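Start counting at 1 in the sequence shown, then tack on 7, and there's your number in our numbering. Glycine included, every Cβ here is placed at the ideal spot set by N, Cα and C. Please read all numbers here as calculations on a predicted model, not as lab measurements.
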Amino acid sequence: MTVHDTHTPGRKAPAYKPADWLPTSLKEVRARGWDELDVILFSGDAYIDHPSFGAAVIGRLLEAEGLRVAIVPQPNWKDDLRDFRKLGRPRLFFGVSGGAMDSMVNHYTANKRLRSDDAYTAGGKAGFRPDYVVTVYTRILKQLYPDTPVIIGGIEASLRRTTHYDYWSDSLKPSVLVESGADLLIYGMGDKTMPEIARAMRGGYNLNLLRKLPQVAYLAARKQIETLPENRIMLHSFERCLKDKKAFGENFVRIETESNRMQAATLVEPVGDRFVVVNPPYPSISETDLDRSFALPYTRLPHPRYNGKGDIPAYEMIKFSVNLHRGCFGGCSFCTISAHQGKFVSSRSEESILREVCQIAAMPGFKGYLSDLGGPSANMYRMKGKNQALCAKCSRPSCIHPSVCRNLDNSHRPLIDLYRKVSAVKGIKKAFIGSGIRYDLFEQDGGAYLREVIRNHVSGRLKVAPEHTEEHVLKLMRKPPFDRFRELNAQFNRICSEEGLNYQLIPYFISSHPGCTETDMRHLADETRRLHFRLEQVQDLTPTPMTLSSVMFYTGENPYTGEKVYVARSQEEKRRQKSYFFGWKKR
8 MTVHDTHTPG RKAPAYKPAD WLPTSLKEVR ARGWDELDVI LFSGDAYIDH
58 PSFGAAVIGR LLEAEGLRVA IVPQPNWKDD LRDFRKLGRP RLFFGVSGGA
108 MDSMVNHYTA NKRLRSDDAY TAGGKAGFRP DYVVTVYTRI LKQLYPDTPV
158 IIGGIEASLR RTTHYDYWSD SLKPSVLVES GADLLIYGMG DKTMPEIARA
208 MRGGYNLNLL RKLPQVAYLA ARKQIETLPE NRIMLHSFER CLKDKKAFGE
258 NFVRIETESN RMQAATLVEP VGDRFVVVNP PYPSISETDL DRSFALPYTR
308 LPHPRYNGKG DIPAYEMIKF SVNLHRGCFG GCSFCTISAH QGKFVSSRSE
358 ESILREVCQI AAMPGFKGYL SDLGGPSANM YRMKGKNQAL CAKCSRPSCI
408 HPSVCRNLDN SHRPLIDLYR KVSAVKGIKK AFIGSGIRYD LFEQDGGAYL
458 REVIRNHVSG RLKVAPEHTE EHVLKLMRKP PFDRFRELNA QFNRICSEEG
508 LNYQLIPYFI SSHPGCTETD MRHLADETRR LHFRLEQVQD LTPTPMTLSS
558 VMFYTGENPY TGEKVYVARS QEEKRRQKSY FFGWKKR
């Protein structure tokens with residue numbers, strides 16, 4: 008049976024009823040005939056029943072295991088806490104996620120100014136979640152229901168699982184397990200972990216059993232540490248890191264190195280009289296399991312509770328897009344993707360992707376244009392090591408920096424074939440590539456991939472991210488030399504000329520990255536002006552937890568080499584660097 012047998016392109020979308028979403032209120036729970044819930048999930052985002060939003064994925068995964076699940080989106084934490092009480096106590100546990108973004112990144116600009124909007128809230132309105140969502144929600148739940156377990160997950164919990172630098176308070180913070188009081192933390196993507204938790208809980212909550220699962224973290228007493236595997240790695244304590252920045256940097260190197268291994272060790276970090284234990288992750292999710300996650304019965308729509316309350320900007324951005332894979336082996340110093348999703352790429356099957364394209368083609372309001380066929384990076388679909396045995400011995404943070412690994416199969420043929428199959432689906436007029444393209448991956452394919460993208464998958468503007476022009480800054484960013492961008496620019500212009508297209512290449516750049524001085528920004532501005540680029544895609548670095556950039560920002564040195572690096576630390580220094588993007592600064 009082919010994909011077209013079960014999802015006929017162009018057919019009408021199903022007419023959904025409120026019961027097709029996971030319940031969010033006592034009325035919706037009662038409408039299902041339930042008198043008890045097994046799991047109640049709390050999320051900092053509005054509830055969008057779509058595979059791009061974590062609460063929906065986790066809820067559907069648990070539902071598929073036979074559990075009765077409800078979601079409480081964006082509860083009011085400032086009143087009498089009725090949102091935290093309304094569904095009562097679940098039989099098994101509460102789940103807490105900050106949402107699709109760290110709440111502090113969601114709330115504040117790189118200059119620490121409060122944002123006036125929130126892309127994950129109906130109407131784009133700000134103010135529907137607190138700072139440090141995971142900690143605030145968990146503390147409330149533990150106050151109201153001290154005997155009910157709370158399991159935390161999502162990107163905010165994942166990137167704060169050990170001692171981390173918090174840019175917004177300009178301080179080191181301990182694991183979010185310590186600050187929140189949660190019983191268990193799931194890091195990374197939960198597709199494998201949550202079903203295993205559900206299966207382990209068939210007979211009720213068993214914390215000792217859950218602590219043995221991969222990809223979880225928890226607080227332990229000293230006697231429990233003695234029972235851990237012998238190959239465990241003892242990190243410097245939180246208290247030592249507070250006193251010694253070098254110790255914090257050394258911890259980061261150990262954590263990142265293990266996260267880049269196929270077979271990682273257990274990490275143990277002392278804090279006070281207890282220990283944060285981080286179990287190794289699951290192996291990369293298989294194609295079958297990834298397809299299963301995307302095949303769950305999502306409505307692909309926001310919950311009806313938001314009707315008449317305005318669009319949810321994050322949903323509007325992705326509702327006609329398709330995610331092809333998970334993971335990223337780029338290893339950029341400032342990026343959290345590999346720390347959360349992992350370095351090894353897991354790709355969906357063509358059938359799964361085409362099935363989703365057919366679903367989108369049947370959606371109300373779809374006019375034939377897919378906004379993105381991509382992923383964490385647009386062009387890593389089906390890429391992996393040719394010899395997996397060599398990959399098993401490797402701990403490089405990047406497969407393409409400082410050079411492309413000779414063991415990497417970076418053929419774009421599977422991706423080009425997929426693009427053409429998607430474009431052939433009835434109802435699809437054009438499939439755009441909106442995700443960032445790694446141009447250092449296709450430099451030796453004779454221009455076949457770039458030509459395919461330019462001819463058929465851009466709307467006149469192709470966005471790429473060289474990030475900087477200066478060699479020493481690019482090395483600290485783990486980005487390719489700027490000469491690669493010059494080559495891309497020449498190739499892009501040549502293809503456009505040959506195809507008779509008047510398209511633009513739009514480069515992204517970052518200011519205030521550790522190692523970058525005001526002189527470096529002046530050189531960047533001069534270089535891009537010589538190439539006739541008018542800069543409009545700009546970003547002032549926000550040091551986010553669990554990234555190499557944030558460690559260098561806090562410590563003032565590269566933890567791998569001990570090399571001192573300049574840091575534009577004050578808001579005035581950061582503003583001066585960013586000013587070069589727009590030509591505000593007189594030179």
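If you draw a straight line from the C-alpha of residue i to the C-alpha of residue j, how long is it?
| i | j | result |
| --- | --- | --- |
| Leu555 | Cys342 | 8 Å |
| Arg167 | Glu186 | 10 Å |
| Tyr54 | Tyr313 | 9 Å |
| Ser418 | Thr273 | 34 Å |
| Lys581 | Tyr172 | 18 Å |
| Leu88 | Leu44 | 19 Å |
| Arg146 | Pro82 | 13 Å |
| Gly334 | Lys436 | 29 Å |
| Arg39 | Ala26 | 7 Å |
| Ala396 | Ser266 | 17 Å |
| Glu323 | Lys374 | 14 Å |
| Leu191 | Val157 | 7 Å |
| Leu512 | Gly382 | 20 Å |
| Lys230 | Gly338 | 36 Å |
| Gly4 | Ser165 | Because residue 4 is not part of the residues shown, which for the chain are 8 to 594, the question remains open. |
Which of helix, strand or coil does DSSP assign to residue i?
| i | result |
| --- | --- |
| Val79 | strand |
| Val465 | coil |
| Thr13 | Bear in mind that the predicted position of Thr13 carries a pLDDT of just 37, short of 50, making it unreliable; the figure below should be weighed with that in mind. Thr13: helix per DSSP, three-state reduction. |
| Ser518 | strand |
| Tyr510 | coil |
| Ala228 | coil |
| His539 | coil |
| Val574 | coil |
| Pro221 | coil |
| Ser504 | helix |
| Arg493 | helix |
| Ser596 | Shown here, the chain extends from 8 to 594; a query on residue 596 therefore has no answer. |
| Ile159 | strand |
| Asn113 | helix |
| Gly102 | strand |
| Phe49 | strand |
| Val411 | coil |
| Gln546 | strand |
Which word fits residue i, buried or exposed, when buried means at least 16 other C-beta atoms lie within 10 angstroms of its C-beta?
| i | result |
| --- | --- |
| His539 | exposed |
| Gln348 | buried |
| Pro595 | There is simply no residue 595 to check, as the chain begins at 8 and stops at 594 in what is shown. |
| Pro153 | exposed |
| Gly161 | buried |
| Tyr23 | exposed |
| Leu33 | exposed |
| Gly73 | exposed |
| Met241 | exposed |
| Tyr225 | buried |
| Leu495 | buried |
Say yes only if the C-beta of residue i is nearer than 7 Å to one or more non-hydrogen atoms of the ligand COA, and no if none qualify.
| i | result |
| --- | --- |
| Arg445 | This structure does not include the ligand COA; it has no bound ligands of any sort. |
Leaving out five residues before and five after residue i in sequence, what residues of the same chain have Cβ atoms less than 8 Å from its Cβ?
| i | result |
| --- | --- |
| Leu425 | Leu331, Glu357, Ile360, Leu380, Tyr388 |
| Val558 | Tyr172, Phe255, Gly256, Phe259, Pro566 |
| Ser244 | Glu276, Pro277, Val278 |
| Ser353 | Ser291, Ile292, Ser293, Glu294, Leu297, His332, Arg333, Gly334 |
| Ile461 | Leu469, Phe499, Ile502, Cys503, Glu506, Leu508, Tyr510 |
Where does the unbroken beta strand (DSSP E) through residue i begin, and where does it stop?
| i | result |
| --- | --- |
| Lys374 | Run containing Lys374: none; DSSP gives neither H nor E here. |
| His171 | 171-173 |
| Ser182 | From DSSP, Ser182 is part of no beta strand (DSSP E); its letter is neither H nor E. |
| Arg89 | From DSSP, Arg89 is part of no beta strand (DSSP E) but of the alpha helix (DSSP H) over 89-92. |
| Phe282 | 281-285 |
Who are the near neighbours of residue i in its chain, counting only those whose CB is closer than 7 Å to its CB and skipping five residues on each side?
| i | result |
| --- | --- |
| Val480 | His520, Gly522, Cys523, Asp527 |
| His464 | Tyr426, Ala438, Phe439, Ile440 |
| Ala228 | Arg281 |
Tell me which same chain residues have a C-beta within less than 6 Å of the C-beta of residue i, skipping the five on either side of it?
| i | result |
| --- | --- |
| Cys412 | Cys406 |
| Ala472 | Gly443, Tyr515 |
Residue range of the alpha helix (DSSP H) that residue i falls in?
| i | result |
| --- | --- |
| Pro421 | 420-430 |
| Ile65 | 61-71 |
| Leu191 | Element bounds for Leu191: not the alpha helix (DSSP H) but the beta strand (DSSP E), 191-193. |
| Val143 | 140-151 |
| Arg247 | 245-250 |
| Leu555 | 555-562 |
| Pro320 | 320-325 |
| Arg168 | Element bounds for Arg168: n/a, residue is neither H nor E. |
| Glu35 | 33-38 |
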